[in-house]
Amino acid sequence: MKYERIRNLREDKDLTQTDIAKHLNISQRAYSRYENDERAIPIETLSQLADFHHTSVDYLIGRTNVFVPYPPTRKKRNFIQ
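The sequence shown lines up with residues 2 to 82 when you count with the working numbering.
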């Protein structure tokens, strides 16, 4: 899977791989392997990246071209008394 978008988003913000790696609490080398498609990105890390870039995981992995994130989920109320 190509992770072009995570590189493009990082570069658009003038951030280094080290900057993003620090935010994710991983090494720069690990992050580099994600960007270069040498290693699959764990779903938890994809979720952190989506939150960081204010977009969705689907956008990051190319399933949609809609940049805006999904609206937050509402907690369901239990109406049973």
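Note that CB positions come from ideal geometry on N, CA and C, so glycine has one too. Model, not experiment: these values are computed from the prediction.
- Task: Indicate whether LEU10 and HIS55 have their beta-carbon atoms separated by less than 7 Å.
- Result: no
- Task: Can you tell me the Cβ-Cβ gap for GLU5 and GLN18, rounded? I've got them flagged as a contact below 8 Å.
- Result: Actually they are not in contact, since the Cβ atoms of GLU5 and GLN18 sit about 14 Å apart, beyond 8 Å.
- Query: What separation, rounded to the nearest whole angstrom, lies between the Cα atoms of GLN29 and VAL69?
  - Reply: 27 Å
- DSSP on ASP15, reduced to helix/strand/coil? coil
- In chain order, what residues of the same chain have a beta carbon less than 6 Å from the beta carbon of TYR32, not counting five sequence neighbours either side? GLN18, ILE21, ALA22
- Message: Just to confirm my understanding: we take LEU61, look at its own chain, exclude 5 residues before and 5 after, and list those with CB closer than 7 Å. What are they?
- Response: ARG6, ILE7, LEU47, LEU50, ALA51
- Query: So LYS3 packs on ASP59, CB below 8 Å; how close in whole Å?
  - Reply: At roughly 14 Å, the Cβ-Cβ gap does not stay under 8 Å, so LYS3 and ASP59 are not in contact.
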